[in-house]
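Following the working numbering, the numbering of the sequence shown begins with 16 at its first residue and continues without gaps.
Ideal placement from N, C-alpha and C gives every residue a C-beta, glycine not left out.
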Amino acid sequence: MFTDRRYLLILQGCVATGLGRVTAGLGRVGAWFGRVSAGFGRVASGLGRVATGLGRVAAGLSRVATGLGRVASGLGRVASGLGRVASGLSRVAAGFSRIATGFGRITAWFGRVTSGLGRVASRFGRRRFCLIVLEIGREIILPNKLRELFPTFFTQDIEARIVILV
């Protein structure tokens, strides 16, 4: 029975058909895996593009951050410069304050001298034969009555002093 040629040909046809069907099924499975693989490839390509875009965004943000850092650094330098200017102006103001204090001391000294001279003048003014005159160089400023008696003393010079005539 197995030796019958016809039976062997039928058997060969059945095996060939079965193997053909298996091969076709495996081909379909392979095609499906190919489509799935292509889909994953597309997904991978899209993710690669997204990653590239995000990398470009990150680079742009890095450049922006660098620029803002430079701006912040420049503003910091400007603020530092303004602080130095303010410090310098404060020192100048302190110098002017010292000058004003010095002039105030000089004014106070002149006030004390004037007050002392006023006391001396009032003491000497009580006596009959005392007279205070202001001599500017050689020009003596006297009361009107005495000016007529001493016309020869009136010449011009710059130095000033107080002379007390008794």
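Length of the line joining the Cα atoms of residue i and residue j
i      : j      : result
Arg64  : Ala74  : 15 Å
Gly117 : Ser105 : 18 Å
Gly42  : Gly56  : 20 Å
Val58  : Val30  : 41 Å
Ala101 : Leu83  : 26 Å
Ala46  : Arg36  : 15 Å
Phe48  : Gly40  : 12 Å
Leu34  : Ser52  : 26 Å
Val128 : Ile121 : 10 Å
Gly12  : Arg50  : The structure shown has nothing for residue 12, since the chain only spans 16 to 181.
Val107 : Arg99  : 12 Å
Gly54  : Leu62  : 12 Å
Phe111 : Leu97  : 21 Å
Close beta carbons around residue i, own chain, < 7 Å, minus the five adjacent residues each side
i     : result
Thr38 : none
Chain-order list of residues whose beta-carbon lies under 6 Å from that of residue i (same chain, five-residue window excluded)
i     : result
Arg20 : none
beta-carbon residue i near the ligand ATP non-hydrogen atom, thresh 6 Å
i     : result
Trp47 : The ligand content of the structure shown is nil, which means the ligand ATP is not present either.
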